[in-house]
Structure formats: structure tokens, C-alpha cells
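One structure below.
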Amino acid sequence: MKNEISIGLLGFGTVGSGVAKIIQQHQDDLQHKLGAQVAIRKVLVRDAGKDRFSDLDPNVFTTDIEEILNDSSLDIIVEVMGGMEGAKSAMEQALKSGKQVVTANKDVMAEYGHELLKLADDEKCDLFYEASVAGGIPIIRTLEDGLASDRISSMMGIVNGTTNFILTKMKQEKKSYEDALAEATRLGFAEADPTADVGGLDAARKMVILSSLAFSTEVNLGDVHIRGMETIKDGDVEMGDKLGYTMKMVGSSTKDEDGIDVSVEPIFLANTHPLAAVNNEFNAVYIYGDAVGETMLYGPGAGSLPTATSVVSDIIAACRNLLLGVNGKRKHSAQYARLIKPAEKSCSKYFHRLLVDDVVGVLSKVSAIYSKHGASIQSITQTPATGENDGKAELILQTHEISRQQHLDVLNELQSMASVISHYRIEGEDAA
1 MKNEISIGLL GFGTVGSGVA KIIQQHQDDL QHKLGAQVAI RKVLVRDAGK DRFSDLDPNV
61 FTTDIEEILN DSSLDIIVEV MGGMEGAKSA MEQALKSGKQ VVTANKDVMA EYGHELLKLA
121 DDEKCDLFYE ASVAGGIPII RTLEDGLASD RISSMMGIVN GTTNFILTKM KQEKKSYEDA
181 LAEATRLGFA EADPTADVGG LDAARKMVIL SSLAFSTEVN LGDVHIRGME TIKDGDVEMG
241 DKLGYTMKMV GSSTKDEDGI DVSVEPIFLA NTHPLAAVNN EFNAVYIYGD AVGETMLYGP
301 GAGSLPTATS VVSDIIAACR NLLLGVNGKR KHSAQYARLI KPAEKSCSKY FHRLLVDDVV
361 GVLSKVSAIY SKHGASIQSI TQTPATGEND GKAELILQTH EISRQQHLDV LNELQSMASV
421 ISHYRIEGED AA
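Quick note on numbering: full-length UniProt numbering labels position 384 of the sequence shown as 384, and the sequence is numbered without any gaps.
Structure follows, in C-alpha cells:
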């Protein structure tokens, strides 16, 4: 039996340094759990001479990725360097050389996960990717193991801490979107370029990974209906609050006989929904299984040590498989044929906020448009507009359950007679 598992670490930034710290400081625990030492033998960095506050031997650092990938003495390659093509190529090379791979790269797993998992199957290797979705929340392992006996029918998640932090500040402190984003950037919750976060791309990639795993089928990024935070208008958060809703940037995924529907968008959640209480930079994933019913995982979705915890947990799993000689025994191929639900089959309730001329007959014309498209209205609230919109009225309409296509058709026709200020999907128990 091996008395040491050797690791090659690709990247030593926020997550990579956290991985090294946990492995170094928890060595006694790791040896107790595994019966073998876990040692980081090589680390890829950009500058080998840089002064690093690390307990690692300075000789383990290298700027040559091939030195690590071609080292036959290394058992596990841990990819935490980020990026797309370079990271994908490194993982492919590692798997083809018979090494086990652990990654935290959501971009690669969303775009090429199906391809890489198939390669891992073919090469009889392990590919673990827990940290690619929700930082320190063990959602991948929960879906693969904890809920393996169940059939998942739907998931909803707050899987981006930046957008959740911004919306929390907008609701609780009445901050503008711009001010809340500035605070998130100052505190390190937002990147210098937050486009992928606020535009929904980051969350969409995570929902691709979760949906593919939970539903055992192939889901691609192009299948996700994405609306970013730029669609939020002044007064929307406050309006939702008055009606009993909390606005959240939510990734959701459902599966039924009509196919899989995946979306990422700001929506109104009833205040009674568990996700409505998830605030600041925290993440949560709410799962519905046919047998277990409803369950939710909650915790930090990013950060050095939370994310590194998930990475090291994957390292432990890979080590156990190595020591038992069972690497590559878990099947990753999709069980079901790809079937994405069309817009006319995707149904929800919707909130529409309109600005119309405050004259007799307008309300009946608006109602006629909804009726024309078979969209039933649950409630209508009308208030006079003020300031530069004097002489107009603001209408708040909430629909009964309609399809996304009906929703889009109604909005398209409303544009000819009204100004559509904003529109959102409504989820959770009725609160209005």
C-alpha cells in the first residue's frame, strides 16, 4: 500500500494557496483518514522567485507546466489556475497520462465537462469538480452520493455571491445598483470587471454543471435562458417588497416529460421561500427530489478557504480511490437523451410593470392584449405617475401561470401602446 500520495498543484493564487494551507495544517487528520501522507511535490506559478508566505519548500515551485504534467511520480493533478483553453489542455494531458484530476474550474466544466468526463471514463481515471459550482457548499457530492437514490425534478439556486450581495444591499439599505456594486467591488466580492457576474454568465455556467449532473443528460450553455441584472429598474426592488416578494438572481432548472428548462435571471421570490432569506455573499441551492421532497444547502459560495475545502475534499476522495485501486470506476456518461424544453412549454407566473397614458380605455386595451395571447391576469394595480411622467399611470400586473412564450408575446405587443418598465418571473408561494 502506498504510504504517500503526491500532488502537482497548477496555480497558487487565492484558491491554490488555500489548498496548500489546508493540506499542510491538516496533515495529521489526512493521515488518520487515509493511512497515507498527502504531499504537494510541485506547484505551478508565474514567478518562481516571488516571496510567498507559505510553509512549502521553495524548490517545489516551477513556471514550467510540462515539468508537472510529465512527472510520473505525481498521482493527482489539482487545477486551480483558472482560464479556459490552457486549463482544459492540462486536464486532458493529465488524464491521458493516467493521473487523477481535481479542478475548481467552472468555465471549463461548463463548456467541456461532458468531453472531459468521458475522457476520464475512457482512461479509467477520476475527475472531481466539487469546487466548480458553489465554493464551500458540497452540492456536487450531495447530488452524486447523498441523493443518488432519488430522482431530482427541480433545483433553484443563488450561486453567485456578487449579485446576491448587491441585491441584499439594494433591499436592506435602499442602495442604488451602482452604489451596491461599488461596495461589492471595494470589499472584494466583485471582480474589477463584474460583467460575467451581473450579466448572469457565471451563474449560468454553474447551472449547466448542476443540471447535467442532476438530470444525467447533456446541458449546454446555449440552453440556458439568461437575463442579467441590467434589466432591474429603479423602484423594482421596493415594489416587490410591497407586494411580499424579495428579488434574487436565481438559477433554476426543472425536468419533466417535456424536457429540461434552465434559466438564470432576477426573479421575485415570495418572502416565505427559503432562498429569500439568503443574504449578502452567501450561496444556497434548493433541491426537490421525488422521494426526499425539499432540501436546501447553504454556505459560503467563494473565498480562499471555503473553496479550498471543497478542493481538498475532492483530493481526499481521489486519494481513497487510489489507495483502494478503484479509480475510474464511477460512470459519468449521460443516462438520458438530450431534451430541452421549448419556450411554449416553460410555465411560471409573471410580474409586468408598465407606464401607460392615464386616459379612459387604456386598461381595457391592455387587458385585451393579455386575453389575445391566452394569458390570464391574477391582479392589476394602478397608480398615477409623477414628475416627468405626469399624465401617465403605472400599471402592475401579475399573471396566473403562463408560458414564457406567452409572456414574451404579450410584452412584444404591449410595446406598441405602453412603455414596459420591467418584468420578472414570480416563484414561491403566493404572497400578494
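Each residue gets a CB set at the ideal place from its N, CA and C atoms; glycine is no exception.
Three-state class that DSSP yields for residue i in the structure shown
i	result
residue 199	coil
residue 12	coil
residue 426	strand
residue 432	Residue confidence is low: residue 432 scores 38 on pLDDT, short of 50, so the model does not pin down where it sits. No coordinate-derived value is stated.
residue 32	helix
residue 283	strand
residue 6	strand
residue 415	coil
residue 420	strand
residue 142	helix
residue 388	helix
residue 19	helix
residue 408	helix
residue 132	helix
residue 269	strand
residue 275	helix
Member of the options whose CA lies at the smallest distance from the CA of residue i
i	options	result
residue 337	219, 361, 402, 371	219
residue 222	236, 234, 25, 206	206
residue 48	41, 63, 57	63
residue 291	32, 146, 13	146
residue 171	225, 245, 98, 216	245
residue 11	359, 153, 66, 80	80
residue 325	232, 397, 126, 286	126
residue 313	141, 24, 74	141
residue 74	144, 6, 18, 32	6
residue 362	335, 416, 327	416
residue 300	269, 133, 57	133
residue 317	178, 371, 76	76
residue 153	178, 379, 17, 294	294
residue 226	122, 197, 34	197
First and last residue of the uninterrupted alpha helix (DSSP H) at residue i
i	result
residue 369	362-372
residue 185	177-186
residue 258	Unbroken run through residue 258: none, as it is neither H nor E.
residue 166	161-172
Cβ-Cβ distance between residue i and residue j below 8 angstroms
i	j	result
residue 250	residue 158	yes
residue 274	residue 136	no
residue 96	residue 333	no
residue 340	residue 259	yes
residue 108	residue 128	no
residue 420	residue 354	yes
residue 323	residue 120	no
residue 376	residue 427	no
residue 161	residue 281	yes
residue 285	residue 84	no
residue 46	residue 60	no
residue 266	residue 239	no
residue 406	residue 216	no
residue 366	residue 78	no
residue 184	residue 192	no
residue 423	residue 351	yes
residue 94	residue 69	yes
residue 104	residue 15	yes
residue 396	residue 386	no
residue 343	residue 408	yes
Proximity test, residue i beta-carbon vs the ligand MN heavy atom, cut-off 7 angstroms
i	result
residue 107	The ligand content of the structure shown is nil, which means the ligand MN is not present either.
For residue i, the first and last residue of its enclosing beta strand (DSSP E)
i	result
residue 394	392-399
residue 113	That residue, residue 113, is in no beta strand (DSSP E); its alpha helix (DSSP H) goes 106-123.
residue 102	100-103
residue 158	152-158
Contiguous alpha helix (DSSP H) assignments of at least 4 residues, all confined to the segment 37-95: 65-69
Any beta strand (DSSP E) of 3 or more consecutive residues that is wholly inside the segment 285-353: 293-300
Contained alpha helix (DSSP H) runs [length at least 4] in the segment 195-255, N- to C-terminal order: 195-198, 201-214, 236-242
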